[in-house]
Each structure stands twice: as C-alpha cells, then as structure tokens.
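If you read the sequence shown in UniProt numbering, its first letter stands for residue 1, the second for the next number, and so on. For glycine and all other residues, C-beta sits at the position ideal for the given N, C-alpha and C. Here the structure is a predicted model, which is why all the values come from computation and not from measurement. Notes follow the structure.
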Amino acid sequence: MLFVTIGFFAGIIGGMGMGGGTILIPALILFASIDPKIAQSINLLSSIPMTIIALFIHIKNKKVVLSLVLPIASFGILGAICGSFLATYLSSQILKKAFGVFLLIIGLIEVKKGICCPKKNTCPK
C-alpha cells in the first residue's frame with residue numbers, strides 16, 4: 001500500500017509538470033529505506049509512462065510550446081548523460097544530501113514567490 005500511495009502522489013505532481021521525483025525519491029528513501037541510487041533509477045523508469053500520458057494531455061490542451069522542446073530536450077539528454085556518469089562516482093550519502101539541499105532551495109524559492117508575489121501579474125520579470 002505504501003508504494004501505491006507514493007506512486008499516486010508522484011503521478012499527481014509529475015502530471016502537473018513539477019517532477020514526480022520531488023515526491024518519489026525522498027519518499028522511497030525515507031519511508032521505504034531504499035538506497036538513493038536505486039530510488040533515482042526507480043524514479044527515472046517510472047517517469048516514462050507518467051510523462052507520456054501527461055504529455056499527451058498537455059499537447060491536447062495546447063499547453064506545450066513545441067519550438068522550445070527541441071533545444072531543452074537536446075541539452076536535457078546531454079545533462080542526463082553527464083549526471084548519470086557523475087552519479088556512479090558519488091556515494092549515496094552525498095547524493096542524498098545534495099538532493100535534500102536542492103529540495104530545500106526550491107522550497108524556499110517557492111515560499112518567497114508566494115509571499116512576495118502572490119499574484120502572477122505583480123511579479124517583476
């Protein structure tokens with residue numbers, strides 16, 4: 001039941017375009033005691049079907065700027081290759097701490113945006 005719940009919430013977050021890994025990886029590490037490298041692998045593999053479904057829905061709703069996809073995807077593939085090789089050389093403890101710091105920074109940025117700019121139209125560009 002734990003994995004069903006984790007997968008469900010990761011799917012919701014992933015479907016909204018925020019990256020299901022932000023839920024899936026910490027949940028697998030904290031609640032299921034899975035090694036961070038294994039959790040990252042599970043996240044990558046499970047994201048494929050979730051991403052395909054979400055992509056079709058977003059394209060259908062005309063929420064995708066296709067001219068941006070090619071450069072972002074191309075450099076994303078390059079980054080994924082580099083990150084995968086880098087992860088093989090880093091310990092699980094370092095990856096766990098780095099991901100925690102990353103989530104903390106993203107969380108603080110989102111809180112700041114919510115406090116400083118509660119309405120999109122008032123945010124400086």
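With a threshold of 7 Å on Cβ separation, who are the neighbours of residue i within its own chain once the five nearest residues in sequence on each side are excluded?
i, result
"Ala-10", "Gly-20, Ile-23, Leu-24"
Are there 16 or more other CB atoms within 10 angstroms of the CB of residue i, so buried, or fewer, so exposed?
i, result
"Asn-61", "exposed"
"Ala-73", "exposed"
"Ala-98", "exposed"
"Leu-108", "exposed"
"Gly-114", "exposed"
"Gly-17", "exposed"
Note down, in chain order, each residue of its chain lying with its Cβ closer than 6 Å to the Cβ of residue i, except the 5 sequence neighbours on either side.
i, result
"Asp-35", "Ser-92"
First and last residue of the alpha helix (DSSP H) that includes residue i?
i, result
"Asn-43", "36-60"
"Ala-98", "92-116"
"Gly-15", "2-15"
"Gly-79", "66-89"
"Ala-27", "21-31"
My guess is that residue i and residue j are in contact by the Cβ rule of under 8 Å, so how many angstroms apart are they, rounded?
i, j, result
"Leu-2", "Ala-32", "6 Å"
"Leu-95", "Ala-87", "6 Å"
Determine whether the Cβ of residue i lies closer than 9 Å to any Cβ atom of chain D.
i, result
"Ile-25", "Given the protein chain composition of this structure (a single chain), no chain D is represented."
Apart from the five residues on each side of it in sequence, which residues of its chain come closer than 8 Å, Cβ to Cβ, to residue i?
i, result
"Ile-13", "Gly-19, Gly-20, Thr-22, Ile-23"
"Leu-103", "Thr-22, Pro-26"
Is there at least one non-hydrogen atom of the ligand SAH closer than 8 Å to the beta-carbon of residue i?
i, result
"Asn-61", "This structure lacks the ligand SAH; in fact it carries no ligand of any kind."
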